[in-house]
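In the UniProt record's numbering, the protein residues as written are 1 to 233. C-beta atoms are modelled at their ideal positions from N, C-alpha and C, and glycine is treated no differently. Here the structure is a predicted model, which means the values were calculated and not measured. What follows is a single structure, written as structure tokens, with notes after it.
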């Protein structure tokens, strides 16, 4: 039996929010929706880039393993964001692992189907290119941070990015709405677990943050923003 999917599922999505409900319905019907249990590997670094993905619910992290075996968290994907699409459209292997960090739901399309959709809806191709460009600028900015900023400032900037991507207002402050370890924050900031733990402990003492093993709340966002921009506070 065919299940009719609500086209509102793609409202706000990177690539598809420019379409009308009929267009979004067509896109949904061309894809495959599946649940991703927490810890599920969506695709692995080096796998053929054969599918294009959009997250509908939950959170997925993109993790790259370097030749020396060290890992870097490249990005956390939130609802409505595409991932894996650029590699697939370029006929390249996936450059990183994609792993569900919460129980999640995604929709994905074989790359041949996505190319047909982009021909059918050129605005989807334009949105895909724009989103890829934004990711490139973000990565360039992060490379600049690694080269020219003190470690505390890099940690603050990484945490500010998480607040913007996944911050949720609570009575205690702005909570990162998914579990994140200090190791993952260290990988995002190009730092070490020891340095991130020491920095967060100092910020906790100053009530800038309230953190535990897999949970971070920013209590004084204005101070964190100042640390991110000025590197002092």
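message: For residue 136 and residue 86, I'd like the C-alpha separation in whole angstroms.
response: 11 Å
Cβ neighbours of residue 2 in the same chain (closer than 7 Å, five flanking residues each side left out): With a pLDDT of 41 at residue 2, under the threshold of 50, the modelled position of that residue is not reliable, and no figure is offered here.
query: In whole angstroms, what is the alpha-carbon distance linking residue 40 and residue 83?
result: Their backbone Cα atoms lie some 15 Å apart in a straight line.
task: Would you tell me roughly how many angstroms separate the C-alpha atoms of residue 118 and residue 197, rounded to the nearest one?
output: 45 Å
query: In chain order, which beta strand (DSSP E) runs of at least 3 residues are fully inside the UniProt domain "Cyclic nucleotide-binding" (15 to 100)?
result: 32 to 36, 41 to 43, 51 to 57, 60 to 65, 71 to 77, 97 to 100
query: Which residues in the same chain have their Cβ closer than 7 Å to the Cβ of residue 204, if we skip the five residues on either side of it in sequence?
result: 210, 211
- prompt: Can you pull the DSSP bridge partners for residue 173?
  reply: 170
task: Go ahead and pull the three-state DSSP assignment for residue 13.
output: In this structure, residue 13 counts as coil in the three-state DSSP scheme.
task: Report buried or exposed for residue 128, applying the criterion of at least 16 other Cβ atoms within 10 angstroms of its Cβ.
output: buried
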